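A short write-up of the structure that comes next.
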Amino acid sequence: MSHSQSSRTALLWHIGVWALFALVIVVLPYIFTSSSSISMMSQMGVFIIFALSYNMLLGQAGMLSFGHAVYFGLGGFFTLHAIRAVNDEVWQFPLELMPLVGGVGGLAFGIIFGSISTRRAGVTFAMITLGIGSMVESSANMFTDFFGGESGISGNRVTDVTLFGFSYGPSIEVYYLIGAWTVMAAVAMYLLTKTPLGRISNAVRDNPERAQFVGYNTTIARFIQFSLSGFFAGIAGGLFAIMFEIMTAPNVGLVQSGAVLLMTFIGGVGLFFGPIIGAVLVTYMHTALSGFSEGWILYFGLMFVFMVMYAPGGIAGVIYAHAAPWRAGLLWRLLPSYLLVLLPALLAIAGLVAVVEMGYQLSLAYDPSSPIDLFYMQINATSLWSWLVALLGLAVGIAGVLATARVVRARWAGVNRSMQATGAKT
Amino acid sequence: MSDALKLANVHKRFGETPIIRGVDLAVAPGERHAIIGPNGAGKSTLFNLISGRYTPSEGEIALHGKRISGLAPHQINRRGLSRSFQITNLFQNMTVFENLRCSLLWAQGYKYSFWHLVGRQTALNEAAEQWLERLGLSARRDVPASLLTYAEQRTLEIGTTIAGGADVILLDEPTAGMGLAERDHTMAMISEVTQDKTLLMVEHDMGVVFELADRISVLVYGQIIASDTPEAIRANAAVQEAYLGEAH
Numbered sequence: 081m082s083h084s085q086s087s088r089t090a091l092l093w094h095i096g097v098w099a100l101f102a103l104v105i106v107v108l109p110y111i112f113t114s115s116s117s118i119s120m121m122s123q124m125g126v127f128i129i130f131a132l133s134y135n136m137l138l139g140q141a142g143m144l145s146f147g148h149a150v151y152f153g154l155g156g157f158f159t160l161h162a163i164r165a166v167n168d169e170v171w172q173f174p175l176e177l178m179p180l181v182g183g184v185g186g187l188a189f190g191i192i193f194g195s196i197s198t199r200r201a202g203v204t205f206a207m208i209t210l211g212i213g214s215m216v217e218s219s220a221n222m223f224t225d226f227f228g229g230e231s232g233i234s235g236n237r238v239t240d241v242t243l244f245g246f247s248y249g250p251s252i253e254v255y256y257l258i259g260a261w262t263v264m265a266a267v268a269m270y271l272l273t274k275t276p277l278g279r280i281s282n283a284v285r286d287n288p289e290r291a292q293f294v295g296y297n298t299t300i301a302r303f304i305q306f307s308l309s310g311f312f313a314g315i316a317g318g319l320f321a322i323m324f325e326i327m328t329a330p331n332v333g334l335v336q337s338g339a340v341l342l343m344t345f346i347g348g349v350g351l352f353f354g355p356i357i358g359a360v361l362v363t364y365m366h367t368a369l370s371g372f373s374e375g376w377i378l379y380f381g382l383m384f385v386f387m388v389m390y391a392p393g394g395i396a397g398v399i400y401a402h403a404a405p406w407r408a409g410l411l412w413r414l415l416p417s418y419l420l421v422l423l424p425a426l427l428a429i430a431g432l433v434a435v436v437e438m439g440y441q442l443s444l445a446y447d448p449s450s451p452i453d454l455f456y457m458q459i460n461a462t463s464l465w466s467w468l469v470a471l472l473g474l475a476v477g478i479a480g481v482l483a484t485a486r487v488v489r490a491r492w493a494g495v496n497r498s499m500q501a502t503g504a505k506t
Numbered sequence: 406m407s408d409a410l411k412l413a414n415v416h417k418r419f420g421e422t423p424i425i426r427g428v429d430l431a432v433a434p435g436e437r438h439a440i441i442g443p444n445g446a447g448k449s450t451l452f453n454l455i456s457g458r459y460t461p462s463e464g465e466i467a468l469h470g471k472r473i474s475g476l477a478p479h480q481i482n483r484r485g486l487s488r489s490f491q492i493t494n495l496f497q498n499m500t501v502f503e504n505l506r507c508s509l510l511w512a513q514g515y516k517y518s519f520w521h522l523v524g525r526q527t528a529l530n531e532a533a534e535q536w537l538e539r540l541g542l543s544a545r546r547d548v549p550a551s552l553l554t555y556a557e558q559r560t561l562e563i564g565t566t567i568a569g570g571a572d573v574i575l576l577d578e579p580t581a582g583m584g585l586a587e588r589d590h591t592m593a594m595i596s597e598v599t600q601d602k603t604l605l606m607v608e609h610d611m612g613v614v615f616e617l618a619d620r621i622s623v624l625v626y627g628q629i630i631a632s633d634t635p636e637a638i639r640a641n642a643a644v645q646e647a648y649l650g651e652a653h
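Chains A and B are the protein sequences, given in the same order.
Every letter in the first sequence is one number past the one before it in this note's numbering, and letter 321, counting from 1, is 401.
Every letter in the second sequence is one number past the one before it in this note's numbering, and letter 77, counting from 1, is 482.
Following this line, the structure appears as structure tokens:
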């Protein structure tokens, strides 16, 4: 196959994947119709953009930032102020394009703060972003006209100035606005990885010294990448502001910055689509689990630690690891061993959940002896037996996982040998 | 005609410790110049001074008659000097093709562009493909650099050093750690890809040095004790005493 032919095939394949992504966004509200689902899916869109913008730093340029919410949050505040200005009839700007206001705000502050932080790499860069993050968060108390103090800034997204004749009052209309921006921003960020800047960001990540010796100033490469990342974070913040119609100081804060780091990492920093998975999953856990349990942040933290230790490539990395066995037709040899681990793993998780929930019941409940509904059972947290059974389940589950994990490793070793023998790409 | 590379009274001290103690060196355009010397003589430090990793404590380094000492590595690279490293120094997560394409980006004027798609730059991609072929790495085009064999990594290291079009090339022990067959192959490749270029190399393998170099300088304890043709160096009593006689 000639190169022009193969590049045309690749182009069609890319267009197909993005069209599918857009189609999924269009169709989802017909499947999940409840208003809480619409709201959750809207948030997913916002956080997909935010997490992808974060991965422009972490995954693509090797910059670990602890302050990315600054550009997200400031973008949101700028957007909300702009919406209020339109409602006060001092400015005319269509609501559909309001996220651009956030983007420009994020870009402007990305340029300002980036010019300081990107002079350094590695740990020093991380520390500077942490400092800037806490500085901006605390300055919310000083600049109350902009940040609105304790109660934040609120507004009404229905401005009567629109391009397409929707009012954007109903949440489904906002969902589709967010969906359209999600597709546009994701495609734009994907294309950025294919530009000289994107490639040089990878080069600076892999080996800054070599990047210098092919003619690049690594500080400038980091700075431009950082500023553009601020632009997309600002767009996400603008959509967040349109969706919730309120922005408060914590939106620029360190907790929000930590959240985007976690979702990006859990999704996987090594592949472009990783943060999309992370944003969807973490938003789902946040909305679904936080209703079930006080302990959801604890589960979330445990999951994060587990991922860092055993799957540093995130979920996308785990999926990608199976691409080669899949192509070689050897996936069937791995799957039974996974089922074997799954059983003790579920037991261990059940034991862990029981322990955590009983712990919360003892310390938080008005009446600790009131039964907890868990796994279709009623569990009494004050009974010694409940604790013994839960801890036993946890211990047996962990032992089982450790034992069966050997089978998985052995199967993987076998699959790798087969692939090497047949010369398949690893 | 001015020298391609000229060092005048270059000193480098780390704290109180002098490593380079007054080096004068002139490399003519198109010359293949080798630096030899015992371990700890300061060869790598000298390379780091020329390529801008370190700044000289004293003295001046000029490229084609223009001062480069004090400039950053990327500025020196843009003025036409490139270097390879003793320890392989590639973009490990990127494929062989990407490594070569990245080393061409600045030279082809793309700078920090975020409005070109690299896949659509025909001239750029063709140049990278040509380098793949020239280096004999076409079959390994889409393999990440970290998965190459040692000899392939060394070849790619030299390729990324030269592909950017610099006319003064510094090679730091290009055949270190290679077997005889690999060494000969690499030397042939270096001769081929560095035609019309000025070459300054550090090398331990005397066979390689005497075969390839037009001139040889001997660096001992931070000073050049002799700088001459291979035959003259072989016959030089001081060199034999200081270096050739003792270790080999």
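Cβ coordinates follow ideal geometry from the N, Cα and C atoms, glycine included.
On a predicted model such as this, the values are computed, not experimentally measured, just so you know.
- Message: Just to make sure I have the definition right: I need the residues of chain B whose C-beta is within less than 9 Å of the C-beta of isoleucine 304 (chain A). Which are they?
- Response: The answer, in chain order, is Tyr517 and Phe519.
- Task: Mind listing the chain A neighbours of asparagine 494 (chain B)? Cutoff is C-beta to C-beta under 7 Å, in chain order.
- Result: Listed along chain A are Asn287, Glu289 and Arg290, each with a C-beta nearer than 7 Å to that of asparagine 494 (chain B).
- Item | Cross-strand partners of arginine 395 (chain B) (DSSP beta bridge) | Here chain B has residues from 406 to 653 only, and residue 395 (chain B) is not among them.
- List, in order along the chain, the chain B residues whose C-beta lies closer than 8 Å to that of serine 87 (chain A)? Result: Gly524.
- Message: Give me the subset of the region 247 to 280 of chain A whose CB atoms are less than 8 Å from a CB atom of chain B, sorted by chain position.
- Response: Cβ contacts with chain B: Leu271, Leu272, Lys274, Thr275, Pro276, Leu277, Gly278, Arg279 and Ile280.
- Task: Flag this pair as touching only if the region 565 to 577 of chain B and the region 479 to 488 of chain B have three or more C-beta atom pairs under 8 Å; answer yes or no.
- Result: A contact exists between the region 565 to 577 of chain B and the region 479 to 488 of chain B.
- Task: Kindly say whether histidine 479 (chain B), judged by its beta-carbon, lies nearer than 8 Å to any beta-carbon of chain A.
- Result: Answer yes: the Cβ-Cβ gap between histidine 479 (chain B) and chain A drops below 8 Å somewhere.
- Query: Given that a residue counts as buried once 16 or more other Cβ atoms are within 10 Å of its Cβ, and exposed if not, what is serine 407 (chain B)?
  - Reply: Result: exposed.
- Item | Within chain A, the residues that leucine 604 (chain B) reaches when beta carbons sit closer than 9 Å | Ordered by position in chain A, no residue passes the 9 Å Cβ test against leucine 604 (chain B), which lies about 16 Å from the chain.
- Query: What does asparagine 282 (chain A) reach in chain B if we use C-beta pairs closer than 9 Å?
  - Reply: Within chain B, Phe496, Asn498, Met499, Glu503 and Cys507 have C-beta atoms less than 9 Å from the C-beta of asparagine 282 (chain A), given in sequence order.
- Query: What residues from the region 125 to 145 of chain A come within 8 Å of chain B, judged by C-beta to C-beta, listed N to C?
  - Reply: Hits within the stretch: zero.
- Return the residue from the list A:Gly381, A:Val487, A:Ser281 and A:Thr328 that minimises the CA-CA distance to alanine 149 (chain A). Ranking A:Gly381, A:Val487, A:Ser281 and A:Thr328 by Cα distance to alanine 149 (chain A) puts A:Thr328 first.
- Query: If we cut at 8 Å on Cβ distances, does glycine 569 (chain B) have a partner in chain A?
  - Reply: At least one CB of chain A lies nearer than 8 Å to the CB of glycine 569 (chain B).
- Query: Leaving out five residues before and five after valine 435 (chain A) in sequence, what residues of the same chain have Cβ atoms less than 6 Å from its Cβ?
  - Reply: Closer than 6 Å at Cβ, skipping near neighbours: Ala470.
- Item | Chain-order list of residues whose beta-carbon lies under 7 Å from that of glycine 190 (chain A) (same chain, five-residue window excluded) | Counting only Cβ-Cβ distances below 7 Å, and skipping sequence neighbours, we find Tyr151, Phe306, Ser307, Ser309, Gly310 and Phe311.
- Query: Residues of chain A with CB under 8 Å from serine 449 (chain B), in chain order?
  - Reply: Neighbours of serine 449 (chain B) in chain A, taken as residues whose beta carbon is under 8 Å from its own, are absent, since the nearest beta carbon is some 14 Å off.
- Residues of chain B with CB under 9 Å from valine 388 (chain A), in chain order? Within 9 Å Cβ-Cβ: nothing; valine 388 (chain A) doesn't reach chain B, min ~19 Å.
- Query: DSSP on lysine 471 (chain B), reduced to helix/strand/coil?
  - Reply: DSSP places lysine 471 (chain B) in strand when its eight states are reduced to three.
- Message: For glutamine 123 (chain A), which residues in the same chain have their Cβ closer than 6 Å to its Cβ, ignoring the five residues on either side in sequence?
- Response: Residues Thr363 of the same chain have their beta carbon placed closer than 6 Å to that of glutamine 123 (chain A), with the five preceding and five following residues left out of the count.
- Query: For alanine 301 (chain A), which residues in chain B fall below 7 Å Cβ to Cβ?
  - Reply: Chain B residues near alanine 301 (chain A): Tyr517.
- Item | Range covered by the beta strand (DSSP E) that runs through serine 487 (chain B) | Note, serine 487 (chain B): beta strand (DSSP E), 486 to 488.
- Message: As a quick exercise: from B:Ala586, B:Asn453, B:Ala467 and B:Lys417, pick the residue whose alpha carbon is nearest that of proline 434 (chain B).
- Response: For proline 434 (chain B), the closest C-alpha among the options B:Ala586, B:Asn453, B:Ala467 and B:Lys417 is that of B:Ala467.
- Message: Between which residues of its own chain and leucine 155 (chain A) is the CB-CB distance below 6 Å, once the five residues before and five after are set aside?
- Response: Just to set this straight, residue 155 (chain A) is glycine in the shown sequence, not leucine. Closer than 6 Å at the Cβ level, and outside the excluded window around glycine 155 (chain A), lie Gly182, Gly185, Gly186, Gly314, Gly317 and Gly318.
- Task: Verify the CB distance criterion: does leucine 510 (chain B) have a CB-CB separation below 8 Å to chain A?
- Result: Using a Cβ-Cβ cut-off of 8 Å, leucine 510 (chain B) counts as an interface residue toward chain A, since at least one Cβ of chain A sits closer than that to its own.
- Would you decide whether methionine 438 (chain A) is buried or exposed? Buried here means 16 or more other CB atoms lie within 10 Å of its CB. The residue is buried, with at least 16 neighbouring Cβ atoms inside 10 Å.
- Task: At 9 Å on the CB atoms, spell out the chain A contacts of threonine 565 (chain B), in chain order.
- Result: The contacting residues are Arg290, Phe293 and Val294.
- With distances taken from CA atoms, which of A:Leu420, A:Pro405, A:Ala430 and A:Leu144 is nearest alanine 493 (chain A)? That would be A:Pro405, whose Cα lies nearest to the Cα of alanine 493 (chain A).
- Task: Measure from the C-beta of serine 462 (chain B) to each C-beta in chain A and report whether the shortest distance is under 8 Å.
- Result: Between serine 462 (chain B) and chain A, the shortest Cβ-Cβ separation is not below 8 Å.
- 8 Å contact criterion, which threonine 198 (chain A) and arginine 302 (chain A) should meet: CB distance rounded: 4 Å between Cβ atoms; contact.
- Task: Alpha carbon to alpha carbon, how far is valine 548 (chain B) from glycine 541 (chain B)? Give it in angstroms, no decimals.
- Result: Each residue's alpha carbon lies about 14 Å from the other.
- Task: Measuring only between beta-carbons, confirm whether methionine 81 (chain A) sits less than 8 Å from chain B.
- Result: With a pLDDT of 42 at methionine 81 (chain A), under the threshold of 50, the modelled position of that residue is not reliable, and the figure given next carries that caveat. Residue contact check for methionine 81 (chain A) against chain B: no CB pair falls below 8 Å.
- Message: Just verifying my parser: in three-state terms, what is the DSSP assignment at threonine 275 (chain A)?
- Response: It is coil, neither helix nor strand.
- Give me the Cβ distance between phenylalanine 452 (chain B) and valine 607 (chain B), rounded to the nearest whole Å; I'm assuming they're in contact under 8 Å. Phenylalanine 452 (chain B) to valine 607 (chain B), Cβ: 6 Å. Contact.
- Inter-residue Cα distance where the pair is glutamate 355 (chain B) and threonine 560 (chain B): Because chain B is modelled from 406 through 653, residue 355 (chain B) falls outside the range shown and cannot be assessed.
- If serine 449 (chain B) sits next to arginine 418 (chain B), beta carbons under 8 Å apart, how far is it from one beta carbon to the other, in whole angstroms? That pair is no contact at about 16 Å.
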